[in-house]
Amino acid sequence: MTLLPSAAEASEAIELPGFGRLPIVWPAIRIVFACAVVGLIFGAKWFVAIMKEDPGSQGMVSVSRAVQEGAWAYLKRQMKTMIWFVIVIAIGLLLMYRNVPGFGKGGEVGSFGIPVYVGVAIAFVLGVAASYAAGLVGMMMAVRANVRAANAALTSFKKSLYVAFRAGGVSGMATVGLGLLGACLVFIMFGNQSMKVLIGFGFGGCLAALFMRIGGGIYTKAADVGADLVGKVEQNIPEDDPRNAATIADNVGDNVGDCAGMAADVFESYEVTLVAAIILGAAAFPFLKTIMSAQMAIAAVLAMVVYPLLIRAVGVVAAIIGIYAVRGKDDMSMNPMHPINVGFFVAALFATIGFFAVSYYVFTEGKIPGYDWWRFAAANLMGILLALV
Numbered sequence: 055m056t057l058l059p060s061a062a063e064a065s066e067a068i069e070l071p072g073f074g075r076l077p078i079v080w081p082a083i084r085i086v087f088a089c090a091v092v093g094l095i096f097g098a099k100w101f102v103a104i105m106k107e108d109p110g111s112q113g114m115v116s117v118s119r120a121v122q123e124g125a126w127a128y129l130k131r132q133m134k135t136m137i138w139f140v141i142v143i144a145i146g147l148l149l150m151y152r153n154v155p156g157f158g159k160g161g162e163v164g165s166f167g168i169p170v171y172v173g174v175a176i177a178f179v180l181g182v183a184a185s186y187a188a189g190l191v192g193m194m195m196a197v198r199a200n201v202r203a204a205n206a207a208l209t210s211f212k213k214s215l216y217v218a219f220r221a222g223g224v225s226g227m228a229t230v231g232l233g234l235l236g237a238c239l240v241f242i243m244f245g246n247q248s249m250k251v252l253i254g255f256g257f258g259g260c261l262a263a264l265f266m267r268i269g270g271g272i273y274t275k276a277a278d279v280g281a282d283l284v285g286k287v288e289q290n291i292p293e294d295d296p297r298n299a300a301t302i303a304d305n306v307g308d309n310v311g312d313c314a315g316m317a318a319d320v321f322e323s324y325e326v327t328l329v330a331a332i333i334l335g336a337a338a339f340p341f342l343k344t345i346m347s348a349q350m351a352i353a354a355v356l357a358m359v360v361y362p363l364l365i366r367a368v369g370v371v372a373a374i375i376g377i378y379a380v381r382g383k384d385d386m387s388m389n390p391m392h393p394i395n396v397g398f399f400v401a402a403l404f405a406t407i408g409f410f411a412v413s414y415y416v417f418t419e420g421k422i423p424g425y426d427w428w429r430f431a432a433a434n435l436m437g438i439l440l441a442l443v
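Below you can see the structure in the form of structure tokens.
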């Protein structure tokens, strides 16, 4: 039992003393916020460009529209069911944290006077909304881009690759942009209490992803089995024939499970790992005070808190450059993975340069002892190399 922290130590470990006084903090938050907005702008730009592409023949449009309507109907029905869970859990968080030390019992408030326990509930709802928005963008883009990519493939491999890859870029930018935007808003609104509030944001993203991923997976598998058994076996209609009603339902399931669900799932992973890295940095404060001065410990903790945010911001910029580097050719002998791999390597190169620059900037600011910038840069480089391998 002696290894367990006291209530005061636990509260201190998830607060940010001196937040905003270190020169690096607010410039870093502004940079991350700007990168998140830039990512969303590029995603919107690509969405508009893809929607201008020819969707193909009337038959292609008819099938695509049926899938779009089915996917949207499913998602609306799921949201109507889930909203009650969100309301109940948000109220539960309010009641549960209201009397918890460090969250409301001592009158803790954020930068705008909002109580911390209220902030947890607000962040939870924000996390749910952001996760659902990421999934919705992924689904909307998929059901519109697939018919355009298929039609483009009839005449040009290069254009088909352009449509398909940019469509993935739209979903990716929505995922990372909303994740960083949500985290920045929490920091702006709650300052040194942000660590506690971020827990709610991560939880909300997880809950929405759970509903969308598992619900969509069950739906698509049920439709898949129906298409196989009823259409193909009993009625002798080919599985992928649009006359088979279950085929449309199967494609709807693929979109809500493998597109909307996957986007929400990626958002969850992205946001939860970001929140975890930030909280781990803040949790080091009680220990750091024992090995260095309090002022130096504050500087070290704040550096470790903004570092994951800046790393993710660099990732957004590198991803945009990498997407523009994907350029196919109308050559039937070309490996279609070649231009995609070029984009991956270009993004990895720019990300590595950015990671080294951010590591140097963050961990030489204030000359924090024991925090050699190159160690953090090397860890990021190792992650990139493993991802490429």
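For the sequence shown, the positions run 55 to 443 when our numbering is used.
We put the beta carbon where it would ideally sit given N, CA and C, even for glycine.
Sorted by chain position, which residues of the same chain lie with C-beta nearer than 7 Å to residue i's C-beta, five sequence neighbours on each side aside?
i, result
"ILE365", "PHE409, VAL412 and ASN434"
"ALA372", "ALA401, PHE404, ALA405 and GLY408"
"TRP100", "ARG220, GLY223 and VAL224"
"LEU328", "GLY233, ALA237, PRO362 and ARG366"
"ALA431", "PHE409, PHE410 and SER413"
"PHE166", "MET243"
"TYR128", "TYR273, VAL306 and VAL310"
Name the two residues that bound the continuous alpha helix (DSSP H) containing residue i.
i, result
"ALA82", "79-105"
"CYS238", "211-244"
"THR344", "Neither: THR344 is in no alpha helix (DSSP H) and is coded neither H nor E."
"PHE430", "427-442"
"PHE139", "112-151"
"GLU325", "315-337"
"PHE257", "248-280"
"PRO393", "391-418"
"LEU180", "170-207"
"VAL154", "Counting along the chain, VAL154 falls outside any alpha helix (DSSP H), and DSSP gives it neither H nor E."
"ASN305", "299-307"
Using 8 Å for Cβ pairs, my map puts residue i next to residue j. What's the rounded Cβ distance?
i, j, result
"ALA336", "VAL355", "6 Å"
"LEU147", "GLY254", "6 Å"
"VAL224", "GLY97", "5 Å"
"ILE83", "PHE241", "6 Å"
"VAL92", "VAL443", "VAL92 to VAL443, Cβ: 29 Å. No contact."
Would residue i and residue j qualify as a contact pair, given that the criterion is a beta-carbon distance under 8 Å?
i, j, result
"PRO393", "VAL380", "yes"
"VAL179", "ALA144", "yes"
"PHE139", "ILE377", "no"
"ALA300", "ALA330", "no"
"PRO189", "ALA303", "Correcting the residue identity first, residue 189 is Gly in this sequence and not Pro. No, the Cβ-Cβ distance between GLY189 and ALA303 is not below 8 Å."
"GLY259", "VAL174", "no"
"VAL217", "GLU107", "yes"
"GLY270", "GLY315", "yes"
"MET105", "VAL201", "no"
"VAL450", "VAL359", "Residue coverage of the chain in this structure runs from 55 to 443, which leaves residue 450 outside it and unanswerable."
"PHE211", "ASP384", "yes"
"GLN132", "PHE265", "yes"
"CYS313", "MET193", "yes"
Below 8 Å CB to CB, which residues in the same chain sit around residue i once its five sequence neighbours on both sides are set aside?
i, result
"VAL170", "TYR151, GLY156, PHE157, GLY158, GLU162, VAL163, GLY164, PHE244, GLN247, LYS250 and VAL251"
"MET451", "Any question about residue 451 goes unanswered here, given that the chain covers just 55 to 443."
"LEU94", "MET227, ALA228, GLY231, LEU232 and LEU235"
"GLU63", "Note that GLU63 scores a pLDDT of 45, beneath 50, so its modelled location is shaky; the value from the coordinates is reported in the next line. Closer than 8 Å at the Cβ level, and outside the excluded window around GLU63, lie PRO340."
"PHE14", "Residue 14 cannot be examined here, being either before or after the span of the chain that is shown, 55 to 443."
"ALA103", "ARG220"
"LEU57", "Because the pLDDT at LEU57 is just 36, under 50, the model does not fix this residue reliably, and the point stays unresolved."
"ILE438", "ALA402, ALA405, THR406 and PHE409"
"ARG267", "GLY311, GLY315, MET316, ALA318 and ASP319"
Apart from the five residues just before and just after residue i, which ones in its own chain have a Cβ nearer than 6 Å to its Cβ?
i, result
"ALA262", "VAL182, SER185, TYR186 and ALA318"
"VAL86", "LEU234, CYS238, LEU363 and ALA367"
"MET436", "none"
"THR274", "GLY307, ASP308 and GLY311"
"ALA90", "GLY231, LEU234 and LEU235"
"LEU440", "none"
"ALA203", "SER214, VAL217 and ALA218"
"ILE374", "PHE96"
Under 7 Å from any heavy atom of the ligand HEM, does the C-beta of residue i make it?
i, result
"ALA300", "The model depicted lacks the ligand HEM and carries no ligand whatsoever."
Quick check: the region 316-329 against the region 339-347, are there 3 or more CB pairs under 8 Å? no
Any chance the region 116-127 sits against the region 195-209, with 3 or more Cβ pairs inside 8 Å? yes
Just checking, does the region 277-285 make contact with the region 203-214 on the three C-beta pairs under 8 Å criterion? no
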